[in-house]
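There are 2 protein chains.
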Amino acid sequence: MNIERVKSQMRKGVLEYCILSIISKEEVYASDILQTLKDAKLIVVEGTLYPLLTRLKNDGLLNYRWEESTSGPPRKYYGLTEMGQRFLKEMDATWDELVASVNHTTSKNKNQ
Amino acid sequence: MNIERVKSQMRKGVLEYCILSIISKEEVYASDILQTLKDAKLIVVEGTLYPLLTRLKNDGLLNYRWEESTSGPPRKYYGLTEMGQRFLKEMDATWDELVASVNHTTSKNKNQ
DNA sequence: CCCAGTACTTTGCAATACAAGGTATCTTAA
DNA sequence: TTAAGATACCTTGTATTGCAAAGTACTGGG
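Chain order of the listed sequences is G and S. Residue 1 is where the first sequence starts when you use this note's numbering, and the numbers rise one by one after that. Residue 1 is where the second sequence starts when you use this note's numbering, and the numbers rise one by one after that.
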């Protein structure tokens with residue numbers, strides 16, 4: 001048992017939410033997403049992200065288009081489907097509820 | 001893919017944190033914990049809680065004592081070890097960081 | 001033509017929440 | 001005294017999924 005494992009586990013729960021949120025702002029490809037998550041200190045690796053994007057696409061929340069790159073192989077640029085946008089809104093509410101629940105359970109509030 | 005699965009997944013990440021936090025306030029047994037989590041809208045079932053308590057005990061974060069009950073079999077009352085208390089403090093910080101990271105990624109802040 | 005860089009994909013493993021069923025203890029009441 | 005019901009703790013099997021590591025494929029430079 002170590003704190004890194006706990007961090008990793010907490011991350012898991014919000015990964016899909018953060019990824020959908022990032023994609024909702026602009027069309028991006030995998031490396032963009034990895035960089036954005038890294039900037040936010042949410043460490044994720046390729047082996048996690050790619051299968052997750054595929055899953056979200058198969059669930060109809062994402063779509064993508066290929067785009068040629070001047071510096072390597074073509075990239076998959078992802079965007080949110082209409083269903084993805086609706087889902088993201090629900091996730092927003094779900095996240096807010098979770099934060100409220102945890103703060104309630106741990107007796108914290110915003111001023112602490 | 002449905003929103004319930006997402007809720008469940010978000011819950012997972014904070015379960016240990018919430019349970020340690022509940023136990024830190026007073027000695028409790030499993031049913032107390034289930035009730036407290038339920039009140040906070042963090043649904044958990046027995047089959048999840050018991051193995052988790054055993055794991056936390058084996059990791060040295062919890063200890064327990066048996067106590068007779070006037071209305072059924074004896075209960076295991078759990079308390080935090082010193083290590084558990086230290087760990088809980090780290091989890092507090094980890095949670096705060098996660099909230100900050102998610103809010104950053106999803107471009108939200110406390111006033112929204 | 002090989003090598004380095006970039007991008008996407010796949011495979012195997014480990015952790016763990018949950019559903020469902022099981023065991024044990026205690027109280028109550030016929 | 002014993003059967004039924006309530007309470008409490010535990011175990012097993014399954015599905016999900018994040019991650020490490022290795023693989024495939026495209027591009028341009030030397």
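Ideal Cβ positions, reconstructed from N, Cα and C, are used throughout, including at glycine.
Neighbourhood of residue 111 (chain G) by C-beta distance below 8 Å, restricted to the same chain and skipping five residues each side: As a working mapping, residue 111 (chain G) is identified with position 111 in the first sequence. With a pLDDT of 43 at residue 111 (chain G), under the threshold of 50, the modelled position of that residue is not reliable, and no figure is offered here.
Test: residue 17 (chain S) CB closer than 9 Å to a CB of chain G: Numbered from its first residue, the second sequence carries residue 17 (chain S) at position 17. Cβ-Cβ to chain G under 9 Å: yes for residue 17 (chain S).
Where residue 107 (chain S) falls: helix, strand or coil (DSSP): If you number the second sequence from 1, residue 107 (chain S) lands on position 107. Coil.
To the nearest angstrom, report how far apart residue 49 (chain G) and residue 28 (chain G) are at their CA atoms. Walking along the first sequence from the start, residue 49 (chain G) turns up at place 49. Walking along the first sequence from the start, residue 28 (chain G) turns up at place 28. Between residue 49 (chain G) and residue 28 (chain G), the C-alpha separation is close to 13 Å.
Label residue 101 (chain S) either buried or exposed according to how many other C-beta atoms from any shown protein chain fall within 10 Å of its C-beta, with 16 as the threshold for buried. Along the second sequence, read from residue 1 onward, the residue named residue 101 (chain S) stands at position 101. Result: buried.
Are the beta-carbon atoms of residue 52 (chain S) and residue 88 (chain S) separated by less than 9 Å? Against the second sequence, residue 52 (chain S) aligns to sequence position 52. Against the second sequence, residue 88 (chain S) aligns to sequence position 88. Contact: no.
DSSP state of residue 60 (chain G), grouped into three classes? Looking up residue 60 (chain G) in the first sequence gives position 60. Residue 60 (chain G) falls in the coil class under three-state DSSP.
Closest Cβ-Cβ distance between residue 80 (chain S) and chain G: below 9 Å? The residue you call residue 80 (chain S) lines up with position 80 of the second sequence. It does not; no Cβ of chain G falls within 9 Å.
Taking residue 22 (chain S) as the reference, give the member of S:13, S:68, S:37, S:54 with the closest Cα. Walking along the second sequence from the start, residue 22 (chain S) turns up at place 22. Taking only the C-alpha atoms, the option nearest residue 22 (chain S) is S:37.
Check each residue of the stretch 65-94 of chain S: if its Cβ is closer than 8 Å to any Cβ of chain G, include it; give the result in chain order. 87, 90, 91, 92, 94
Shortest alpha-carbon distance to residue 113 (chain S) belongs to which of S:83, S:12, S:26, S:17? Outside the shown range of chain S (1 to 112) lies residue 113 (chain S), about which nothing can therefore be said.
Buried versus exposed call for residue 66 (chain S) [16 or more other C-beta atoms within 10 Å across all chains shown]: The residue you call residue 66 (chain S) lines up with position 66 of the second sequence. It is exposed - the Cβ of residue 66 (chain S) has fewer than 16 other Cβ atoms within 10 Å.
From the DSSP secondary-structure annotation, give me the bridge partner or partners of residue 65 (chain S). For the purposes of this step, residue 65 (chain S) is taken as residue 65 along the second sequence, with counting starting at 1. Partner(s): S:77.
Would a check of beta-carbon distances place residue 9 (chain G) closer than 9 Å to chain S? Residue 9 (chain G) sits at position 9 when you count from the first residue of the first sequence. Residue-level contact by beta carbon holds for residue 9 (chain G) and chain S, with a gap shorter than 9 Å.
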